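In my numbering, the protein residues as written are 2 to 140.
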């Protein structure tokens with residue numbers, strides 16, 4: 002029993018010394034058209050001062066990283082975790098548009114969950130188009 006306690010204390014001590022060795026972005030739906038690149042996600046992290054290379058791992062708030070990235074309208078889901086080597090891995094799933102809606106007053110995409118998405122100024126997605134006098138989406 003005392004060996005187990007000593008091993009736990011040692012592991013905690015080593016964890017507190019461990020520093021961030023880098024950040025890796027993993028795009029889950031990479032085969033689809035990407036509205037946000039890996040660099041865009043790294044810019045969100047840098048601009049919000051969420052992680053710095055060399056920062057102690059126990060100072061990094063994974064929940065805050067996930068919540069900050071999820072604020073972007075393109076992001077469907079984010080998971081952030083740390084590897085034993087000190088690397089921060091961020092898995093990102095982007096929303097996928099399935100239709101473009103063009104009305105006399107507005108233009109937007111609809112994603113696979115029937116949620117409205119603004120148009121992107123980075124890419125053009127070729128999709129079926131619904132146009133005319135279209136009322137609000139049914140929720």
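C-beta: ideal position from N, C-alpha, C; glycine also.
Since we're looking at a predicted model, the values are computed, not measured.
Check: Quick one: is residue 98 buried, meaning 16 or more other Cβ sit within 10 Å of its Cβ, or exposed?
Finding: buried
Check: Counting Cβ pairs closer than 8 Å, one from the region 83–90 and one from the region 106–117, do we hit at least three?
Finding: no
Item checked: Straight-line Cα distance separating residue 69 from residue 39 -> 15 Å
Check: Do the CB positions of residue 95 and residue 125 come within less than 7 Å of each other?
Finding: no
Item checked: residue 1 classed as buried or exposed, judged by whether at least 16 other C-beta atoms fall within 10 angstroms -> Missing from the structure shown is residue 1; the chain here goes from 2 to 140 and no further.
Margin query: Let me confirm a value: residue 110 is counted as buried when at least 16 other C-beta atoms fall within 10 Å, else exposed. Which label applies?
Written below: buried
Check: DSSP on residue 4, reduced to helix/strand/coil?
Finding: helix
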